[in-house]
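Trainee: To start, I am sharing the structure in question, which I have written as structure tokens.
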Amino acid sequence: MFVSELSMQDPHHVFDQFKAGMVGAFALGFSSSALTDPPIAGPILAAAKQRLWPHLRGDEELTTDQSGHLVVFLASAHPLVSRHRMHGMIRSLVRGSFVTATERLTLDIGASWVRLTGDEDRDDERIRAVIEGATTSLASRDVMRYVRRAPRPSNRA
């Protein structure tokens with residue numbers, strides 16, 4: 286089962302808990318790099334996870350896969366609520382630079398998400414597709430075009 290590769294816990298714990306929810310994935314890349322560059326890892330990946338933690342509720346889970354994707358399991362049953370929450374997570378990731386001991390980095394983000402069906406085999410395929418979708422999203426820079434075009438809220442009355 287693919288879910289077991291994502292979680293250090295019992296794989297059925299993750300699957301059983303999120304039958305009515307959704308799974309989302311984020312691919313992170315350096316904004317000035319080629320797609321052949323090594324994936325984001327180490328302190329930058331940890332800092333990205335820290336930005337996402339406040340968006341999680343209760344027993345929802347945030348983990349990484351072997352290729353460095355951030356994978357979230359959300360318990361939201363309503364698709365519009367899930368989509369709104371994913372957009373909030375994207376904004377958190379692109380809100381500011383990531384600072385290391387030697388430099389300040391701006392990342393590009395790829396994102397994808399889908400509802401879980403409750404069928405273990407079908408959801409396994411959906412999780413794989415979401416991770417591939419995040420990689421495709423990063424390669425096309427579609428999230429970054431959306432974020433740059435999005436109007437900023439105004440405090441003016």
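For the sequence shown, our numbering gives the first residue as 286, with consecutive numbering after it. Note that beta-carbon positions come from the ideal geometry of N, C-alpha and C, so glycine has one too. Source: prediction; values computed, not measured.
1) Below 8 Å on the Cβ atoms is my contact criterion, and I expect leucine 423 with alanine 312 to pass it. Report the Cβ-Cβ distance as a whole number of Å.
2) What residue from Leu330, Leu341 and Ile412 has the CA that sits closest to aspartate 404's CA?
3) Taking DSSP as the reference, what is the three-state secondary structure of glycine 327?
4) May I ask you to report which of helix, strand or coil DSSP gives aspartate 344?
5) Taking the beta strand (DSSP E) that leucine 401 belongs to, which residues open and close that run?
6) Who are the near neighbours of valine 428 in its chain, counting only those whose CB is closer than 7 Å to its CB and skipping five residues on each side?
7) Per DSSP, which residues does arginine 389 bridge with? Please list them.
8) Starting from the Cα of arginine 380, find the closest Cα among Glu388, Val308 and Arg336 and give me that residue.
9) Can you tell me where the beta strand (DSSP E) holding alanine 414 begins and where it ends?
10) On the premise that alanine 310 lies in contact with leucine 378, defined as a C-beta separation below 8 Å, what is that separation, rounded to the nearest angstrom?
11) Helix, strand or coil: which one does DSSP assign to glycine 373?
12) Considering alanine 312, what are the terminal residues of the beta strand (DSSP E) in which it resides?
13) Looking only at its chain, what residues have a beta carbon closer than 8 Å to the beta carbon of leucine 330, apart from the 5 residues adjacent to it on each side?
14) Taking glutamate 345 as the reference, which of Arg407, Ile325, Val384 and Leu359 has the closest Cα?
15) Return the chain-ordered list of same chain residues with a C-beta closer than 7 Å to the C-beta of serine 316, the five sequence neighbours on each side being excluded.
Mentor: Looking at the coordinates:
1) Locating residue 423 in the sequence shown gives position 138, where the first residue counts as 1. Locating residue 312 in the sequence shown gives position 27, where the first residue counts as 1. Rounded, the Cβ-Cβ distance is 4 Å, consistent with contact.
2) Walking along the sequence shown from the start, residue 404 turns up at place 119. The option with the nearest alpha carbon to aspartate 404 is Ile412.
3) Indexing the sequence shown from 1 puts residue 327 at position 42. For glycine 327, the three-state secondary structure derived from DSSP is helix.
4) Start at 1 with the first residue of the sequence shown, and residue 344 comes out as number 59. DSSP places aspartate 344 in coil when its eight states are reduced to three.
5) Walking along the sequence shown from the start, residue 401 turns up at place 116. Here leucine 401 belongs to no beta strand (DSSP E), and DSSP marks it neither H nor E.
6) Numbered from 1 along the sequence shown, position 143 holds the residue referred to as residue 428. So the list reads Ile375, Ile394, Gly395, Ala396 and Ser422, once near-sequence residues are dropped.
7) By 1-based counting over the sequence shown, the position of residue 389 is 104. Within the DSSP bridge table, the entry for arginine 389 names Val384 as partners.
8) Numbered from 1 along the sequence shown, position 95 holds the residue referred to as residue 380. Answer by Cα proximity: Arg336.
9) Your numbering for residue 414 matches position 129 in the sequence shown. It is not in any beta strand (DSSP E) - alanine 414 instead sits in the alpha helix (DSSP H) that spans 405-425.
10) Within the sequence shown, the letter at position 93 stands for residue 378. Within the sequence shown, the letter at position 25 stands for residue 310. Beta-carbon to beta-carbon, leucine 378 and alanine 310 are separated by about 12 Å, too far to satisfy the 8 Å threshold.
11) Taking the first residue of the sequence shown as position 1, residue 373 is located at position 88. In this structure, glycine 373 counts as helix in the three-state DSSP scheme.
12) Residue 312 sits at position 27 when you count from the first residue of the sequence shown. Counting along the chain, the beta strand (DSSP E) containing alanine 312 begins and ends at 307-315.
13) On the sequence shown, residue 330 is found 45 positions in, with the first residue counted as 1. Here the set comprises Leu313, Thr349, Gly353 and Leu355.
14) Here residue 345 refers to the residue found at position 60 when the sequence shown is read from its first residue. Nearest option by C-alpha distance: Leu359.
15) Translated into positions along the sequence shown, residue 316 becomes position 31. Excluding positions up to five away in sequence, the list reads Thr391, Leu392 and Asp393.
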